[in-house]
Amino acid sequence: MLSLVEQEFGVVCTKIVHSFENTQGTCNTELKYTNSPESQIERSTDCDDFEGNPLQIEKIADLSNEPSFVGSRKNSLKPYSRFIDFSKLKALNKKPDEGYLDNMLYFVREEEDQFIGFFTKTKTSKRILRISSQFNVDINRTIKELTQEAMLSFPDFVCTFECMYKLSHGVFDAKFETCEDKILSPPPSFVSGELTVNIMPYKSNELLPSILEEIQILKDLYRACECDSPAWLPNSVIDCEQVKAEFPNIFKSVKVNKVDRVDGKVCGSNFSLLLSRRKLDSSEVIWNVVKGSPNKFTFRTCIEDAFEYLMDKSELIYLANHNQTQLAWRLRHLHDSTKPSGQHSYGLGIETLIEIGLHKLMNDCIYLLESIIPESSSFFENDKEIGSSLESRWETLHNLYKYVSFLACLASVASKSSLVPELRKILAQKSQKNEWKSALYEPDNIPFCMTHSFSLLVSELIVPLSQLPPDLWIMRIDAKNPVPTSIRIIYELVTKDGLEQYICHKLRMIDSYWPNMS
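With the numbering used here applied, the sequence shown covers 90 to 607.
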């Protein structure tokens with residue numbers, strides 16, 4: 090609640106003053122308000138009893154309709170709010186011993202959860218803040234009803250709105266000046282908002298599950314390689330005879346399917362289906378059947394069987410020109426009569442397996458990127474040179490996986506006309522040095538996270554906002570006469586007992602004359 094007050098009114102509250110079971114206490118436990126800045130808070134030392142104002146404090150704060158600090162009854166369990174945890178608060182049962190300090194919020198009543206706060210403005214004036222939260226909200230009210238109720242004595246005022254919607258992997262926030270005459274109404278289609286996506290590509294199984302599954306295998310293999318462990322994937326089992334029996338199917342007509350590039354006109358969120366249509370080259374189909382090799386013996390056995398099967402079937406071997414893996418080189422020279430057949434698999438170990446896995450996944454990512462931007466592969470031509478190290482290949486795969494994760498995320502919320510130019514900007518960005526290592530090892534168990542924000546018209550969203558409940562819906566009302574007043578009516582979507590409902594927070598800041606302050 091403190092950061093919300095600062096965000097909306099530009100004043101700093103140092104803490105919330107409330108009552109424990111037998112003593113007064115302070116509380117500053119809350120979630121930060123969305124988009125609120127970090128601030129350095131210093132405790133106010135001003136202590137006056139607000140004797141300068143001719144009205145009593147309860148009158149000023151509009152508490153006269155309720156018993157003041159008396160007979161407060163404890164409400165039933167309330168839903169959790171991102172702004173404040175009401176379960177940890179108990180209303181004051183008396184006036185604070187030190188009087189009312191500036192820049193604090195006082196929890197004075199549990200009915201409607203009434204807070205009051207006081208802030209010095211000039212030598213002869215203070216600003217008075219009153220906050221209430223309602224848990225039984227009528228969401229069928231009109232905006233006209235709210236403004237009439239809040240601004241009945243004000244001849245002129247300005248009313249604006251803001252809403253925030255939670256999407257599958259991000260948040261859409263928009264500010265607007267007009268909408269339908271009903272609370273929780275979405276912004277008009279011509280309004281531009283900000284779409285912010287937050288994704289953890291190495292943790293989320295929703296974006297690209299098949300690619301992530303293979304990346305996890307490569308991670309385990311790479312760690313085994315670094316440790317020089319004889320057990321590559323100790324929990325994996327491969328039947329070499331079963332793999333051998335699959336060769337006639339996996340190598341069938343591979344060479345016929347040389348064209349595996351999409352036309353750049355595909356757009357949609359079903360990337361798993363799109364990947365299933367990609368035509369693999371020979372090293373990639375071998376990866377698919379040996380990627381779970383638990384040790385070097387199993388891998389070597391499967392590779393030797395594959396070489397033996399392909400020895401007199403050169404028409405079944407197809408390798409892309411940019412495939413410079415060790416396995417590809419051996420397949421190209423499989424019919425070299427100067428080498429005994431057993432020598433073709435000599436020296437092939439875990440590095441070879443990792444290499445063909447990296448090659449396959451890089452091609453998967455480029456294939457998906459080309460479904461939107463046909464020239465995507467040109468961004469990575471320099472990374473396909475002969476002799477690239479495993480580290481440089483890992484870095485290339487990391488960058489590609491980042492971009493395709495953004496693609497999968499944005500394609501689920503934004504139209505192609507907005508997606509393509511934004512994806513081009515992302516492709517042009519350079520990654521931080523050794524960022525791939527942070528993603529590979531995730532030190533201190535901190536998941537690798539990516540964030541990207543950009544402006545987007547409401548009309549460019551794939552899912553109409555009218556079909557979604559806003560996570561936050563804010564109505565801001567400001568008036569100058571007869572008394573400078575600012576009102577914020579905030580509808581917050583919460584969950585209680587598994588059901589979604591709204592809390593309504595009302596914040597009212599009023600300027601008040603205080604002649605004896607000086």
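Glycine included, each C-beta is placed from N, C-alpha and C at the ideal position.
Going by other Cβ atoms of all chains shown within 10 Å of its Cβ, with 16 needed for buried, is residue i buried or exposed?
i: valine 345; result: Reliability fails at valine 345, whose pLDDT of 49 lies under 50, so the model's placement of it is uncertain and no value is given.
i: phenylalanine 279; result: exposed
i: leucine 362; result: exposed
i: leucine 166; result: exposed
i: valine 326; result: exposed
i: alanine 500; result: buried
i: threonine 134; result: Here the model assigns threonine 134 a pLDDT of 34, short of 50, so the residue's position is not dependable and the matter cannot be decided.
i: histidine 487; result: buried
i: alanine 180; result: buried
i: glutamate 444; result: buried
i: histidine 258; result: buried
i: histidine 424; result: exposed
i: serine 108; result: buried
Please state the DSSP three-state secondary structure of residue i.
i: asparagine 338; result: helix
i: threonine 209; result: strand
i: glycine 259; result: strand
i: isoleucine 445; result: helix
i: isoleucine 130; result: Its pLDDT being 28, under 50, isoleucine 130 is placed unreliably by the model, and the measurement read from it follows with that caveat. Here isoleucine 130 sits in coil by DSSP.
i: glutamine 518; result: coil
i: histidine 487; result: helix
i: serine 601; result: strand
i: isoleucine 306; result: helix
i: methionine 451; result: helix
i: threonine 249; result: strand
i: tyrosine 530; result: helix
i: asparagine 384; result: strand
i: lysine 177; result: helix
i: isoleucine 579; result: strand
i: phenylalanine 537; result: coil
i: alanine 417; result: helix
i: asparagine 117; result: Because the pLDDT of asparagine 117 is 47, which lies under 50, any placement of that residue in the model is unreliable, and the question is left without a value.
i: tyrosine 169; result: coil
Judging by CA-CA distance, which residue of the options is the nearest neighbour of residue i?
i: glutamate 57; options: Leu499, Cys454, Tyr492, Ile205; result: The structure shown has nothing for residue 57, since the chain only spans 90 to 607.
i: tryptophan 672; options: Arg312, Cys329, Ala568; result: Nothing can be reported for residue 672, as the shown portion of the chain is limited to 90 through 607.
i: aspartate 401; options: Gly381, Lys385, His422; result: His422
i: glycine 282; options: Glu589, Leu486, Val378, Glu266; result: Glu266
i: valine 374; options: Glu397, Ser403, Leu408; result: Leu408
i: arginine 198; options: Lys212, Phe175, Arg216; result: Phe175
i: isoleucine 461; options: Asn377, Pro558, Pro510; result: Pro510
i: lysine 264; options: Ser293, Ser274, Pro298, His258; result: Ser274
i: isoleucine 300; options: Leu588, Thr211, Lys212, Met451; result: Met451
i: tyrosine 254; options: Gln96, Glu234, Asp245, Pro276; result: Pro276
i: alanine 239; options: Ile592, His424, Gly587, Ala568; result: Ala568
i: arginine 366; options: Leu457, Arg216, Glu269, Phe495; result: Leu457
i: threonine 103; options: Phe208, Gln521, Asp394, Lys179; result: Phe208
i: alanine 497; options: Tyr195, Met90, Glu295, Asp245; result: Glu295
i: serine 105; options: Lys380, Cys314, Leu218; result: At residue 105 the sequence reads isoleucine, which differs from the serine that was named. The residue with the shortest Cα to Cα distance from isoleucine 105 is Leu218.
i: leucine 284; options: Gln590, Met564, Leu545; result: Leu545
i: methionine 564; options: Cys593, Phe543, Ser555; result: Cys593
i: glutamine 223; options: Cys329, Phe204, Glu335; result: Phe204
i: cysteine 248; options: His258, Gln237, Leu256; result: Gln237
i: tryptophan 376; options: Ser466, Val332, Ser214, Glu200; result: Val332
i: valine 547; options: His424, Ile339, Phe261; result: Phe261
i: tryptophan 562; options: Thr213, His448, Tyr591; result: Tyr591
i: lysine 526; options: Pro558, Phe246, Leu479, Phe543; result: Leu479
i: asparagine 359; options: Glu335, Leu297, Tyr398; result: Leu297
i: serine 465; options: Asp270, Ile220, Leu516, Leu405; result: Leu516
i: lysine 341; options: Ile406, Leu235, Lys308, Gln518; result: Ile406
i: lysine 271; options: Pro244, Leu235, Glu251, Lys292; result: Leu235
Would you verify that the beta carbon of residue i is, or is not, closer than 8 Å to some beta carbon of chain D?
i: tyrosine 195; result: Within the model displayed, chain D is absent; a lone protein chain is all it includes.
Should residue i be counted as a contact of the ligand ADP given a C-beta to heavy atom distance under 7 Å?
i: glutamate 397; result: Because no ligand of any kind appears in the structure shown, any question about the ligand ADP cannot be addressed here.
Is the stretch 439-449 touching the stretch 313-321, taking contact as three or more C-beta pairs under 8 Å? Contact annotation: the stretch 439-449 touches the stretch 313-321, with at least three C-beta pairs closer than 8 Å.
Any 3 or more C-beta pairs closer than 8 Å across the stretch 409-428 and the stretch 369-376: Yes, the stretch 409-428 is in contact with the stretch 369-376.
Please list the segments of the alpha helix (DSSP H) lying wholly inside the stretch 190-247, counting only runs of 4 or more residues, in order along the chain. Runs of the alpha helix (DSSP H) inside the stretch 190-247: 232-239.
Is the stretch 580-587 touching the stretch 170-189 in the sense that three or more CB pairs, one from each, lie closer than 8 Å? A contact exists between the stretch 170-189 and the stretch 580-587.
Any contact of the stretch 522-542 with the stretch 383-395, i.e. 3+ C-beta pairs under 8 Å? The stretch 522-542 is not in contact with the stretch 383-395.
Can you confirm whether the stretch 562-581 touches the stretch 594-604 when touching is taken to mean that 3 or more C-beta pairs between the two stretches lie within less than 8 Å? In this structure the stretch 594-604 lies against the stretch 562-581, because at least three pairs of beta carbons, one per stretch, are closer than 8 Å.
If we require 3 or more residues per run, which beta strand (DSSP E) segments fall completely within the stretch 271-295? Runs of the beta strand (DSSP E) lying entirely within the stretch 271-295, each at least 3 residues long, are 281-288 in chain order.
Counting Cβ pairs closer than 8 Å, one from the stretch 535-547 and one from the stretch 489-504, do we hit at least three? A contact between stretches requires three or more CB pairs, one per stretch, nearer than 8 Å, and the stretch 535-547 meets this requirement with the stretch 489-504.
If we count Cβ pairs, one from each stretch, closer than 8 Å, do we get three or more for the stretch 190-200 versus the stretch 230-237? No: fewer than three Cβ pairs fall under 8 Å.
Would you call the stretch 542-553 in contact with the stretch 495-507, where contact means no fewer than 3 C-beta pairs closer than 8 Å? When C-beta atoms of the stretch 542-553 are compared with those of the stretch 495-507, three or more pairs fall below 8 Å, so the two segments count as touching.
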